Every structure is written in structure tokens, then in C-alpha cells.
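Enquirer: Each position in the sequence shown, counted from 1, maps to that position plus 1 in our numbering.
Where is the CB? At the ideal position from N, CA and C, for every residue including glycine.
These numbers come from a predicted model, not from an experiment.
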Amino acid sequence: MIACTRADTVFEDLPVMLHAVLFYFGAMKEVDVQIRRAQGVEDYQRVVELEKQVWGYTDYADLAAVPILMIANRFGGAVLVAEEPSGRMIGFSMANLGSTPGNEEKKLFWWSHMTAVVDDYRNKGLGLQLKLRQREEALASGIDEIHWTFDPLQRLNAHFNLHKLGVIVRSYEENVYGFSSSTLHRGLPTDRFVAEWRLKADRVKASDEKSVRIEIPENINELRRTDVAAAKAWQDRVRAACQRYFREGYVITDFVEGAYLLSLTSAP
Numbered sequence: 002m003i004a005c006t007r008a009d010t011v012f013e014d015l016p017v018m019l020h021a022v023l024f025y026f027g028a029m030k031e032v033d034v035q036i037r038r039a040q041g042v043e044d045y046q047r048v049v050e051l052e053k054q055v056w057g058y059t060d061y062a063d064l065a066a067v068p069i070l071m072i073a074n075r076f077g078g079a080v081l082v083a084e085e086p087s088g089r090m091i092g093f094s095m096a097n098l099g100s101t102p103g104n105e106e107k108k109l110f111w112w113s114h115m116t117a118v119v120d121d122y123r124n125k126g127l128g129l130q131l132k133l134r135q136r137e138e139a140l141a142s143g144i145d146e147i148h149w150t151f152d153p154l155q156r157l158n159a160h161f162n163l164h165k166l167g168v169i170v171r172s173y174e175e176n177v178y179g180f181s182s183s184t185l186h187r188g189l190p191t192d193r194f195v196a197e198w199r200l201k202a203d204r205v206k207a208s209d210e211k212s213v214r215i216e217i218p219e220n221i222n223e224l225r226r227t228d229v230a231a232a233k234a235w236q237d238r239v240r241a242a243c244q245r246y247f248r249e250g251y252v253i254t255d256f257v258e259g260a261y262l263l264s265l266t267s268a269p
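#1: I believe Val205 touches Val170 by the beta-carbon criterion, under 8 Å. Please report the beta-carbon distance rounded to the nearest angstrom.
#2: Does the Cβ of Val55 have 16 or more other Cβ atoms within 10 Å, making it buried, or fewer, making it exposed?
#3: Going by DSSP in three states, Thr59 sits in which element: helix, strand or coil?
#4: Going by beta carbon distance, what residues of the same chain come within less than 7 Å of Asp44, once the five residues before and after it are set aside?
#5: Report back the beta-carbon spacing between Val257 and Thr266 to the nearest angstrom; my notes put them in contact at under 8 Å.
#6: Please state whether DSSP places Tyr178 in a helix, a strand or coil.
#7: Give the DSSP-derived three-state secondary structure of Glu43 in the structure shown.
#8: Please name the residue or residues paired with Ser113 in a DSSP beta bridge.
#9: So, Phe161 versus Gly128, is the Cβ gap smaller than 9 Å?
#10: According to DSSP, is Val34 helix, strand or coil?
#11: Between Val177, Asp145, Gln155 and Glu175, which has its C-alpha nearest Trp198's C-alpha?
#12: Starting from Ala260, trace the beta strand (DSSP E) both ways and give me its first and last residue.
#13: Contact between the segment 164-180 and the segment 209-223 is defined here as three or more beta-carbon pairs at a separation below 8 Å; is this criterion met?
#14: Going straight from the alpha carbon of Gly57 to that of His164, what length do you get?
#15: On the DSSP bridge list, what partners appear for Leu81?
#16: Which whole-angstrom value describes the C-beta separation of Ile215 and Leu263, a residue pair presumed to lie in contact below a C-beta threshold of 8 Å?
#17: Measuring from the CB of Gly103, is there a heavy atom of the ligand FMN at a distance below 8 Å?
#18: Pull up the distance between the alpha-carbon of Asp228 and that of Ala141, whole angstroms please.
#19: Could you give the DSSP three-state label for Thr101: helix, strand or coil?
#20: Taking the alpha carbon of Ala242 as the point to measure from, which residue in Asp203, Glu174, Gly179 and Gly188 has its own alpha carbon closest?
#21: Hey, out of Gly92, Pro153, Ser212 and Glu50, whose CA is closest to Arg134's CA?
#22: Which first and last residues belong to the alpha helix (DSSP H) in which Val229 is found?
#23: Report all residues from its chain with a CB closer than 7 Å to the CB of Tyr246; omit the five preceding and five following residues, and keep chain order.
#24: Tell me, please, which residues DSSP counts as bridged to Val257.
#25: Measuring straight from C-alpha to C-alpha, what distance separates Ile202 and Asp60?
#26: Buried or exposed, going by whether 16 or more other CB atoms sit within 10 Å of the CB of Arg136?
#27: For His148, which beta-bridge partners are listed by DSSP?
#28: Any idea which residues DSSP pairs Ile215 with across the strands?
#29: Using a threshold of 9 Å, state whether the C-beta atoms of Val49 and Ala65 are closer than that.
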């Protein structure tokens, strides 16, 4: 038997680490911000105000309140905040500690419940900075997977999560959060994909053999605003297709040109 030393592990992880470092410094060029752990009640209160601002929540029940943020940050997870040099908070990310359900051997992971960026910092790389700092914090805590949900009909989120970060998706959940007070959700059930980000694993590549494409609308937000029935019809079609292919063992591995790419893979 050959013992694996700490040095062996470091060298095995070098390609993954280098990829993350290049991503991180590429994003850092976009904006001048500081990302740090939340440090107390004042930070948590500012995060709650940011939740209201970004999602437009009017019902307190939809918010991750101060005690929830504190518990996540102190007991196994992390709450990260992004600030301008002036001290203005412009983004945050919150993750709880979770474990796989069932009677099998438990695996710990982080459940990234919320990540948000204010409007004037969208498309400037701040979301990527937050996720990569979250990755860094998770690995330092001995966590090598982060999971979260996202709306299957949102193209920007699909591109970011699948094409940029390299998550996989193999679960579709219906109306996870119920009908919320956010104007972004506007009358549709809160159906969600579950993203799985394997922090040390090689990126899962789509296979050409028996691959499947599932298209989504170009702008679901506009469609929801102008024609809720048409938006609901899109949601129903995407839900039915995804649930069918997931039952057959397909996994979503990428998002390209407005469509999800699904293939049969050996992803555990």
C-alpha cells in the first residue's frame, strides 16, 4: 500500500487550483471590491436590506433574517459580503452546512441559499468573485461540494452556473419556495434546478452520443410581464422534458446558445 501524503494531495489538486486562480484574478480586473466574511449584526442587517433591494421582497417570510444569517455564518457555513472602497455593500452570498439525506454514509456539503449583486454591478464579474471566494472558504473548511437552486428559465443564470462555473444538474424540483412576494417571480411557481458544484472534480463533459438539447425562452422576465400564460406554458414544457430525461439518467452538463445540453454520464 502506498500512503498518500499531504504533498501528493496538493499536487493532485494543482490543475483545479490553477483554474480557479485564473478565474478569480480575471474577475478581479472587472471591479475594485473587498469580499470578506460578515462580522456581526450590522453586517447581517445590511444583507437583509440588500435582499429586499435585489429581489423586491415585501413579505418578511421570504427573507433570510438576521438570526438565520448569523447561524449560517457561525456554525459550519459562511456569509460573505462584497463592499466598495467606500464601505457600501454591493453583494453577498450565504451558505449553510448540509448533509446528504438517507441511510447511506453522510456527505457534508454547503447549501448556497442566496447570492445577490446590486443592479449597477451586474455583468461586471462580481457574482463570479463571490462564488470563487465561496469556493475558497468551503475548501478551507473541508467542504468539496456546494449545491444551490436556480430558475431553469433564466438564461443568464444558466450560462453562469453551467458554462462558467461548470456545475451539473440532475434534479428538477417543483415550486420549491412556494409563491413569493418577489416581482422577479411574478405569478409562476418557483420551480428550480439543483446545481451541484464539485470543487475538486474535473468538469463533466457532454457526450455527443444520445445527447439532448432543451431550449428555454429568450427573456422569461419580459414574457412573464407581458404574457403570464405563455410563460407558464414554457415552464410546463421545460419541467416535463427535464423530469423525463432525469428519470432516464441524463445529466445537464452545459448551456449553449439558449439550450441546455443533456447527456448520459457516469457522474456519481
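Expert: Reading off the structure:
#1: Taking C-beta atoms under 8 Å as the contact rule, Val205 and Val170 fail to qualify, at a distance of about 10 Å.
#2: Buried, because 16 or more other Cβ atoms sit within 10 Å of the Cβ of Val55.
#3: In the structure shown, Thr59 sits in coil (DSSP, three-state: anything other than H, G, I, E or B).
#4: Closer than 7 Å at the Cβ level, and outside the excluded window around Asp44, lie Val82.
#5: Separation of the CB atoms of Val257 and Thr266 is rounded to 16 Å, and the pair is thereby denied contact status at 8 Å.
#6: Coil, per DSSP.
#7: Looking at Glu43 - three-state DSSP - the assignment turns out to be helix.
#8: According to DSSP, which records beta bridges pairwise, Ser113 is partnered with Ala96.
#9: Yes, they are a contact pair.
#10: When secondary structure is reduced to three states using DSSP, Val34 falls in the coil class, being assigned neither helix nor strand.
#11: Closest option to Trp198, Cα to Cα, is Asp145.
#12: Unbroken beta strand (DSSP E) run through Ala260: Ala260 to Leu265.
#13: In short, these stretches do not touch, since the Cβ pair count stays below three.
#14: One C-alpha to the other measures close to 28 Å.
#15: Bridge pairing for Leu81: Arg38 and Ser94 [DSSP].
#16: Here Ile215 really is in contact with Leu263; their C-beta atoms are around 7 Å apart, less than 8 Å.
#17: The model depicted lacks the ligand FMN and carries no ligand whatsoever.
#18: The alpha-carbon atoms of Asp228 and Ala141 are separated by roughly 46 Å.
#19: Look at Thr101 here: in three-state DSSP terms it is coil, with no helix or strand label.
#20: Minimum Cα-Cα distance from Ala242 among the listed residues Asp203, Glu174, Gly179 and Gly188 corresponds to Glu174.
#21: Per the Cα distances, Gly92.
#22: Under the DSSP assignment, Val229 falls in the alpha helix (DSSP H) whose first and last residues are Val229 to Arg248.
#23: Non-local C-beta neighbours of Tyr246 in its own chain, meaning closer than 7 Å and more than five positions away in sequence, comprise Val213 and Leu263, ordered along the chain.
#24: The bridge partners DSSP lists for Val257 are Ala260.
#25: Looking at the sequence itself, residue 202 is Ala, so the reference to Ile does not match. The straight-line gap from Cα to Cα measures roughly 39 Å.
#26: With 16 or more other Cβ atoms inside 10 Å of its own Cβ, Arg136 counts as buried.
#27: Secondary-structure assignment with DSSP links His148 through a beta bridge to Trp112 and Glu197.
#28: Bridge partners of Ile215 according to DSSP: Tyr261.
#29: Between Val49 and Ala65, the CB-CB gap stays under 9 Å.
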